[in-house]
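In the working numbering, the protein residues as written are 249 to 706.
Glycine is no exception: its CB is placed at the ideal position from the N, C-alpha and C atoms.
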């Protein structure tokens with residue numbers, strides 16, 4: 249019996265050894281299968297892992313523009329398997345910048361962000377953006393020289409490229425063809441600000457004190473007012489860069505023109521308030537629905553407009569000031585923040601390459617009205633065919649020939665912020681332009697003095 253027990257124990261030990269052997273064998277096989285599933289390094293991206301690289305892309309677009317951006321993101325994700333772009337829509341450009349600032353402080357920024365030029369310049373100036381030159385230089389087919397120079401320059405600082413333009417924009421005039429015809433007003437009346445004021449007065453329809461149709465609607469905010477001041481010879485700073493000059497005569501006269509039209513003559517109106525771009529869309533709807541005869545808006549509004557009833561026109565000049573720029577040509581730029589890991593930086597640049605490629609920037613322009621950022625885009629068959637059938641798309645392009653580049657705010661956006669407050673006072677609160685601009689000058693002069701003494705910081 250004892251020998252039988254010993255034999256059973258020996259058999260049990262043998263079984264245990266077999267079980268251990270098979271467990272180890274299964275583990276080895278599983279590890280082999282897993283290693284076989286690991287991808288080879290992806291062309292253009294220096295990494296090896298099982299999943300595609302997922303990157304967050306922040307942008308401040310909504311409505312038609314937001315939907316169009318989502319379409320482009322979806323198309324990119326479907327076309328390739330290297331990178332997955334996760335679009336994160338913000339309320340507008342300003343809210344995008346605010347969210348980016350907070351994410352940088354937390355050291356958790358998105359891999360790519362779309363910024364308006366003034367905000368982009370601030371983040372680049374304080375070292376919050378990653379230079380793109382090394383990524384550009386290793387891509388022989390990128391052809392940086394093909395970019396529209398005025399847009400490309402806005403992302404270049406101290407010999408480095410910190411941003412690449414996704415699209416260009418400038419403010420142009422949009423008017424109702426039927427209302428102009430009924431009132432007997434010719435389109436060339438819009439060639440001067442004085443002519444626009446006369447047209448607005450003639451186009452305004454009232455029932456007693458109630459305004460049924462406004463002659464014109466500027467977009468609320470400083471942009472339209474800045475364009476008008478620059479076209480009258482206004483400057484932001486003195487020649488030596490030490491004095492803020494936004495309270496000069498050119499600024500006061502241009503801004504007072506709008507205050508009088510809005511609050512005294514009541515031939516113009518501004519929409520304001522609401523979430524995100526709500527005030528902007530309210531202005532567009534006023535014109536489409538016949539509550540206003542025209543408005544000053546973005547080249548990117550064209551996707552929202554019905555050009556069977558609406559026409560586009562370049563911004564006016566002031567009488568006697570025809571040689572001055574008529575507007576500012578802006579770039580909306582794609583940036584990679586600092587603290588983004590190298591693998592994500594490379595993936596982010598793949599997305600930037602796609603969005604700034606000749607055919608894609610042409611398609612973006614066709615669908616939105618924004619300006620393409622590559623010279624070659626305008627020679628593509630799709631763009632030339634669309635421009636022939638839709639000549640309004642060329643109006644912003646013609647205006648860029650008369651425009652000036654964006655002012656670099658050495659205070660990190662504080663001068664623009666002061667002008668935003670001043671615009672609200674003039675357009676909404678009926679504060680005389682001279683008072684509002686003097687207050688803005690005092691505020692921004694203090695910020696300029698600080699910047700000249702110590703520089704910007706987050």
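- Looking only at 575, 337, 596, the smallest Cα-Cα distance to residue 301 is reached by 596.
- Residue burial is scored here from C-beta neighbours: residue 598 has at least 16 other C-beta atoms within 10 angstroms and is therefore classed as buried.
- Sorting 504, 622, 651 by C-alpha distance to the C-alpha of residue 390 places 622 at the top.
- Residue nearest to residue 388 within the set 601, 609, 679, 618 is 601 (criterion: CA-CA distance).
- Our two residues, residue 448 and residue 312, have alpha carbons roughly 28 Å apart in a direct line.
- Within 10 angstroms of the beta-carbon of residue 299 lie fewer than 16 other beta-carbons, which makes it exposed.
- Per the coordinates, the alpha-carbon of residue 409 lies some 6 Å from the alpha-carbon of residue 380.
- In this chain, residue 687 is not harboured by any beta strand (DSSP E); it is covered by the alpha helix (DSSP H) spanning 681-702.
- In the DSSP assignment, residue 472 falls within the alpha helix (DSSP H) that extends over 470-478.
- Within the model, the alpha-carbon separation for residue 508 versus residue 319 is close to 43 Å.
- Judged by beta-carbon spacing, residue 548 lies within the 8 Å limit of residue 617, meaning their Cβ atoms are closer than that value.
- Ranked by Cα distance from residue 365, the options 475, 673, 660 are led by 660.
- In the structure shown, residue 354 falls within a coil segment according to DSSP collapsed to helix, strand and coil.
- Here the alpha carbon of residue 668 sits roughly 6 Å from the alpha carbon of residue 469.
- In this structure, the alpha-carbon of residue 510 lies about 10 Å from that of residue 677.
- For the pair residue 551 and residue 431, the Cα-to-Cα distance works out to about 27 Å.
- Counting only unbroken stretches of 4 or more residues, the alpha helix (DSSP H) elements lying wholly within the region 617-660 are 629-637, 642-648, in sequence order.
- Counting along the chain, residue 558 sits inside the beta strand (DSSP E) bounded by residues 558-561.
- In this chain, residue 306 is not harboured by any alpha helix (DSSP H); it is covered by the beta strand (DSSP E) spanning 301-307.
- Annotated as distal: residue 546 and residue 691, with beta-carbon spacing of 8 Å or more.
- The Cβ atoms of residue 584 and residue 378 sit closer than 8 Å to each other.
- Under the three-state reduction of DSSP output, residue 566 falls in the coil class, being neither helix nor strand.
- Here the alpha carbons of residue 493 and residue 486 stand approximately 6 Å from one another.
- Contact between the region 345-359 and the region 642-656 is not established, with fewer than three Cβ pairs separated by less than 8 Å.
- In the DSSP assignment, residue 544 falls within the unbroken beta strand (DSSP E) covering 542-546.
- Taking 8 Å as the cut-off, the beta carbon of residue 654 is found no closer than this to the beta carbon of residue 561.
- By the C-beta density criterion, residue 570 is exposed, having fewer than 16 other C-beta atoms within 10 angstroms.
- Judged by DSSP in its simplified three-state form, residue 372 adopts helix.
- Cβ contact annotation for residue 395 (same chain, cutoff 7 Å, sequence separation greater than five): 413, 621, 622, in chain order.
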